[in-house]
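Worksheet: the structure to be examined is printed underneath.
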Amino acid sequence: MKKIIYTIAFLLATGTIAHAQTPLKETGTDLADFILLENDVLLYARKETDGQYLYTEKRGDATSAKKELVLNTGTINALVGRSVATGEYYVYQKNGRNQEVISFYSYKEGAFDKTGERSLPKLKNHSQNLGLFLTEDKNTMVISAELGKSRGYEDLYVSQWENNRWTKPKNLGKSVNTRQAEFAPYMANDTLYFSRMEESEAYNYSAGFTANGQAGTPAKLEPVVNATGTYNAYYKKVNERQMWLSASTDNKPFHTAYLLEKPAPVAEETIVAEEVVEEALPAPVVKTKAATPGLTLPFAFNSIYMNLENVSALARFLNQQPEGTAFVIKGYSDGYGTAEVKENVSRRRARLIQQYIEKYFPAKNFTLEVENEVRSEKGQANRKAELYLMQ
């Protein structure tokens, strides 16, 4: 005897689709900033022993990394702004104490060509760190530096281009600046974005910004761009794209450049009544989690990112598994820290491994489940993630 079942295809509501968070680059080298260009080329700054230099890299292809010689005429080089209208990029270049300039470059067919330059405001910076952002019209510069009577470490200042010269940098005041370091300024749509240090951690903030250089009260950005207990900085918002850097806070931090963008709308499906004949099927085989893990990955204190040894071990393990293998990824944290931090660390250790597998092993069609556990015991043995085979 057969049974007739009528099925209806559901409408997919495009308005409820969540943003997709994607790691664009994961590296043990020290990244200082980055932006994803419209042609899916990553432009980033990397700190090296002899300075800081700009690189380009095709999205998803680390082997395509290229040191852009035309952009790197200084020993310290940084992207400090751009114009979508003209296609220009603004690059800070420093050679020696008093040899500083902002150069303008066009970018066509993968090549940069210099179109002009402009001097910097006069700065007596008492810090080794300097952060700059130049607005699209080249008339407003936001500066992160320690100038005179700062409130703590680096403060944020604003300078205007008037009568072919920069005005004296003006401190944005105690509504923005604290006794911590404020750095990595960026502006979009009359909003100032910046990062603030909190001991070894850092978090991204936003504040309204008026045409005359007044900033409103800052607010910390949403948790998706501010992972608790980590270093989050260099936030940018370009149309529907949000970008930022995240890093662990240990002695050898692992840097990840993240992109958060809205997926393309999914077309609505037509409601269709379909006659389906239900057939007798064999009972599905129920798999259970193996008693012991197939792979254990150790983590440094409070780190949620895999180091290079972990990445290599995970890749070897996954390459040995047949297509369609099912895993349980379980993240652990030890007894140090608040309940919120411990829960977040254990959960994110597992989630980031899941994201790595989905990104780099899609052809394997692995089935992944995620678990996490907070342990009361303290110590290295409890800072780990484990992969269990489903049998």
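Residues -20 to -1, 1 to 371 in mature numbering (1 follows the signal peptide of the UniProt record, and there is no 0) are what the sequence shown lists, from first letter to last. Note that CB positions come from ideal geometry on N, CA and C, so glycine has one too.
| task | Could you check if Leu49 is buried or exposed, using at least 16 other CB atoms within 10 Å of its CB as the buried criterion? | result | Under this definition Leu49 is an exposed residue.
| Would the beta-carbon of Asn282 fall within 8 Å of that of Gly209? | In this structure, Gly209 lies closer than 8 Å to Asn282 by Cβ.
| message | Tell me the rounded alpha-carbon separation between Lys232 and Tyr35. | response | Take the alpha-carbon of Lys232 and the one of Tyr35: they are about 21 Å apart.
| query | Is it true that the CB of Leu277 sits closer than 8 Å to the CB of Ala293? | reply | Yes. Within cutoff.
| field | Pick from Thr7, Gly8, Tyr24 and Gly54 that is closest to Met223, judged by C-alpha positions | value | Ranking the options by Cα distance to Met223, first place goes to Tyr24.
| field | Candidates Thr115, Ala237, Met177 and Glu349, of which the one nearest Glu37 by Cα | value | Here the closest residue by C-alpha is Ala237.
| Closest to Phe163 by CA distance: which of Thr120, Leu110 and Thr190 is it? | Nearest C-alpha to Phe163: Leu110.
| said: Check for me: the alpha helix (DSSP H) holding Asn294 runs from which residue to which? | reply: For the record, residue 294 in the displayed sequence is Leu; it is not Asn. Leu294 -> alpha helix (DSSP H) spans Leu288 to Asn299.
| field | Burial state of Arg26 (16 or more Cβ within 10 Å) | value | Using a 10 angstroms sphere on the CB of Arg26, the tally of other CB atoms reaches 16 or more, which defines it as buried.
| query | Got a sec, what are the start and stop residues for the beta strand (DSSP E) Val138 sits in? | reply | Its beta strand (DSSP E) spans residues Asp135 to Glu142.
| task | Could you tell me which residues DSSP puts in a beta bridge with Arg145? | result | Per DSSP, Glu142.
| Residue span of the alpha helix (DSSP H) that contains Tyr185, given as start and end | Here Tyr185 belongs to no alpha helix (DSSP H); instead the beta strand (DSSP E) covers Glu181 to Gly188.
| field | DSSP three-state assignment for Arg77, whether helix, strand or coil | value | Three-state result, Arg77: coil.
| Contact under 8 Å by Cβ, Ser107 with Glu134 | For Ser107 and Glu134, yes; Cβs fall inside 8 Å.
| query | Can the beta-carbon of Gly8 be found closer than 8 Å to that of Phe279? | reply | Between Gly8 and Phe279, the gap from beta carbon to beta carbon reaches 8 Å or more.
| query | Which word fits residue 382, buried or exposed, when buried means at least 16 other C-beta atoms lie within 10 angstroms of its C-beta? | reply | Only positions -20 to 371 of the chain appear in the structure, and residue 382 is not among them; the question remains open.
| field | Any beta strand (DSSP E) of 3 or more consecutive residues that is wholly inside the stretch 327 to 370 | value | Listed in chain order, the complete beta strand (DSSP E) runs (minimum 3 residues) inside the stretch 327 to 370 are 347 to 354 and 364 to 369.
| field | Buried/exposed call for Val300, threshold 16 Cβ in 10 Å | value | Per the sequence shown, the amino acid found at residue 300 is Gln instead of Val. Answer is exposed; the Cβ neighbour count stays below 16.
| query | Taking C-alpha atoms, which residue in Tyr312, Ser83 and Asp170 lies nearest to Ala191? | reply | Residue Asp170 is the option with its Cα nearest to Ala191.
| Between Leu275 and Leu348, is the Cβ-Cβ spacing less than 8 Å? | The answer is no: Cβ separation not under 8 Å.
| field | Whole-number beta carbon distance between Tyr87 and Lys94, since they are thought to touch under 8 Å | value | At roughly 11 Å, the Cβ-Cβ gap does not stay under 8 Å, so Lys94 and Tyr87 are not in contact.
| Do Lys150 and Gly193 come within 8 Å of each other at the CB atom, strictly closer than that value? | A contact, by the Cβ cut-off of 8 Å.
| Would Thr(-14) be called buried (16 or more neighbouring beta carbons within 10 Å of its own) or exposed? | Bear in mind that a pLDDT of 41 at Thr(-14), under 50, signals an unreliable position, so the number given afterwards is only what the model happens to contain. Flag for Thr(-14) reads exposed.
| query | Leaving out the 5 sequence neighbours to the left and right, which residues in its chain are closer than 6 Å to Arg221 when beta-carbon positions are compared? | reply | In the same chain as Arg221, and ignoring 5 residues on each side of it, the C-beta atoms closer than 6 Å to its own belong to Glu241, in chain order.
| task | Would you identify the three-state DSSP class for Lys129, choosing helix, strand or coil? | result | Lys129 falls in the coil class under three-state DSSP.
| Of the residues Lys269, Gly40 and Val266, which one's Cα is nearest the Cα of Phe341? | Closest by alpha carbon: Gly40.
| In DSSP terms, what Gln32 is bridged to | Within the DSSP bridge table, the entry for Gln32 names Lys27 and Ile56 as partners.
| query | What residue from Ala207, Ser228, Glu178 and Tyr173 has the CA that sits closest to Lys216's CA? | reply | Closest by alpha carbon: Tyr173.
| request: With a cut-off of 8 Å on the beta carbons, I'd call Lys310 and Ala330 a contact; round off their distance for me. | output: Confirmed, Cβ separation roughly 6 Å.
| What is the DSSP secondary structure of Pro203, reduced to helix, strand or coil? | DSSP places Pro203 in helix when its eight states are reduced to three.
| query | Would Asn119 be called buried (16 or more neighbouring beta carbons within 10 Å of its own) or exposed? | reply | Flag for Asn119 reads exposed.
| query | So what's Ile251 in DSSP terms, helix, strand or just coil? | reply | Summary for Ile251: the model assigns pLDDT 49, below 50, so the residue's position carries little reliability; its value from the coordinates is reported in the next sentence. Looking at Ile251 - three-state DSSP - the assignment turns out to be coil, as it is neither helix nor strand.
| Taking C-beta to C-beta, are Tyr70 and Val81 nearer than 8 Å? | In this structure, Tyr70 keeps its C-beta atom at 8 Å or more from the C-beta atom of Val81.
| Whether Gly31 touches Ile56 by CB criterion (8 Å) | Yes. Within cutoff.
| In whole angstroms, what is the alpha-carbon distance linking Val205 and Asn184? | If you take the alpha carbons of Val205 and Asn184, they lie about 7 Å apart.
| task | Would you please state the rounded distance, in angstroms, between the beta carbons of Ser228 and Asn212? I believe it to be under 8 Å. | result | Here Ser228 is actually not in contact with Asn212; their C-beta atoms are around 11 Å apart, not less than 8 Å.
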